[in-house]
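Beneath this line is the structure, given in structure tokens, with notes to follow.
Residue numbers (the numbering used here): 578 to 749.
Next up, the structure:
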């Protein structure tokens, strides 16, 4: 889904949003398309942040990861919202910059302490690296801020189960 401009393929805006925004299925089974540029701008922050975010997403799609990293940082500096933070964290993690991803998600949690996906992403990252105690602490920290979050509860339960101790089984 793209256009050829000046000899290069460019992704369309609606395809851009599909890269970073999951579609919700309505009760009648249709996917809810949120493809307007206004919707993308509202999710990504200021108009300047939105522009940088769109450029970063294109760079990521084109596998220009250093450009994508630079543009994500500019979007964040320009007043991006949580969606851009999540996309940047995923870029860092997917490209093996785990320490940078960890430092970044800590900053994101400090800035958006009630946004549960950050706790989940960080907790899952720790769980995948088999640092179960850190993952448990992260999930519990998130649950202290957002007590009813099912994703954090599930992550905590999986982590406690993976710890494999009698105490962790009882807590799970």
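Note that CB positions come from ideal geometry on N, CA and C, so glycine has one too. Remember, it's a predicted structure, so these values are computed and weren't measured experimentally.
Residue from 688, 653, 716 and 690 with nearest C-alpha to residue 699: For the purposes of this step, residue 699 is taken as the residue at position 122 of the chain shown. The candidate whose alpha carbon is nearest that of residue 699 is 716.
According to DSSP, simplified to helix, strand and coil, what is residue 656? Here residue 656 refers to the residue found at position 79 when the chain shown is read from its first residue. Three-state DSSP puts residue 656 in coil, outside helix and strand.
Task: For residue 734, three-class secondary structure by DSSP - done: Translated into the one-based positions of the chain shown, residue 734 becomes position 157. DSSP places residue 734 within a helical segment (H, G or I) once states are collapsed to three.
Measure the Cβ-Cβ separation of residue 693 and residue 719 and say whether it is below 8 angstroms. On the chain shown, position 116 is the one that residue 693 refers to. On the chain shown, position 142 is the one that residue 719 refers to. In this structure, residue 719 lies closer than 8 angstroms to residue 693 by Cβ.
Between the CA atoms of residue 722 and residue 739 - distance to the nearest angstrom:
Here residue 739 is taken as the residue at index 162 of the chain shown, counted from 1. Here residue 722 is taken as the residue at index 145 of the chain shown, counted from 1. Residue 739 and residue 722 have their alpha carbons spaced roughly 24 angstroms apart.
Once DSSP output is grouped into helix, strand and coil, what is the label at residue 758? It is not possible to answer for residue 758, since the shown part of the chain is limited to 578 through 749.
Quick one: what does DSSP say residue 616 is sitting in, helix, strand or coil? In the chain shown, the residue the question calls residue 616 occupies position 39. At residue 616, the pLDDT of 45 sits below 50, so the modelled position is not reliable; the number obtained from the coordinates is stated separately. In this structure, residue 616 counts as helix in the three-state DSSP scheme.
Notebook entry, point to check: Should residue 675 be labelled buried (16 or more other beta-carbon atoms within 10 Å of its own) or exposed?
Noted result: Your numbering for residue 675 matches position 98 in the chain shown. With fewer than 16 other Cβ atoms within 10 Å, it is exposed.
_Three-state secondary structure (DSSP) of residue 663_ = In the chain shown, counting from the first residue as 1, residue 663 sits at position 86. Reduced to three states, the DSSP call for residue 663 is helix.
> Thinking C-alpha only, which one of 696, 670 and 737 is nearest residue 724?
Replying inline: Position 147 of the chain shown, counted from the first residue, corresponds to residue 724. The shortest Cα separation from residue 724 among 696, 670 and 737 belongs to 696.
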